[in-house]
Each structure stands twice: as C-alpha cells, then as structure tokens.
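K.L.:
88 is the number of the first residue of the sequence shown in the working numbering; add one for each residue after it. My questions all concern the structure below.
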Amino acid sequence: MAKNVGIIHYTAPSGEVGGVENVISAHINFLSRMRFKVILIYGTGGGYNGKGVKEHQIQLLSPKNPKVVDVQKEVLEKCKATESFDRLKKMIKSELKGCIEGVDVCIVH
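Encoded structure:
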C-alpha cells in the first residue's frame, strides 16, 4: 500500500481558496486521517500546516510567475513551442523530480 502521496496543483490551500483547493484540502484531511504522508507541491498559496503534510513550493508552477508569463506570450505569438518553453519545461521537471522522490503515488490536479 502507498504510504507517501504527492498532490500537485498550481495553487494550494490555505493561501489560495477555490474549488480545487477545497478538494485538495479534503484529500489531505482524509489521507492524513488514514496515516498517509502527504507531499503538497504547488506554485502559489500553501501554508496548510496539517499533520503529516510536507509542502514544496515550485514558483514556476504559478501561471503568474514572470518567467511563465513571458514564455506564454512568446508561445502564443509564435504559435508553437519555443526554446524558452523547452527550457522552462526542463526547469519545472527538474524541480518536480526532487519533490516527488520517495512518493508512491501522485495526484495531479
């Protein structure tokens, strides 16, 4: 049985409030009661402070991050993936790898 559960979303409770954040809170509460360790990975928000919850902020997951905004504009202007997009994708992937090490299962919202 999985012991370490990762949850990834670009925003996280309690710093951000919305429908998905409410679902994430419910997932965290349930999983914590079942004695799972939860690794919450997000771009903005955070500060959940739940028992058995470890948080990792990856600022590049936030759509408001200036680097992300610049790359989005470039991709939309050129109507294709660019070198900047590929570099950004590699940076995010690298940070995610470090955060999900030891995670048995991951929920991606």
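By construction, the Cβ of each residue, glycine as well, lies at the ideal position given by its N, Cα and C atoms.
DSSP three-state label for ALA113, please.
P.N.:
It is helical.
K.L.:
For VAL155, does the three-state DSSP call read helix, strand or coil?
P.N.:
Looking at VAL155 - three-state DSSP - the assignment turns out to be helix.
K.L.:
Whole angstroms are fine: how far does the CA of ILE145 sit from the CA of GLU182?
P.N.:
If you take the alpha carbons of GLU182 and ILE145, they lie about 7 Å apart.
K.L.:
In or out: LEU163 buried (at least 16 other Cβ within 10 Å) or exposed?
P.N.:
Per the 10 Å Cβ criterion, exposed.
K.L.:
According to the neighbour-count rule (16 or more other Cβ atoms, all chains shown, within 10 Å of its Cβ), is CYS186 buried or exposed?
P.N.:
Under this definition CYS186 is a buried residue.
K.L.:
Nearest by alpha-carbon distance to GLY134: which of LEU148, SER171, LEU118, SER101 is it?
P.N.:
GLY134 has its Cα closest to that of SER101, out of LEU148, SER171, LEU118, SER101.
K.L.:
Can we say the region 108-124 touches the region 153-161, given the rule of at least three CB pairs closer than 8 Å?
P.N.:
At 8 Å Cβ cutoff, the stretches do not touch.
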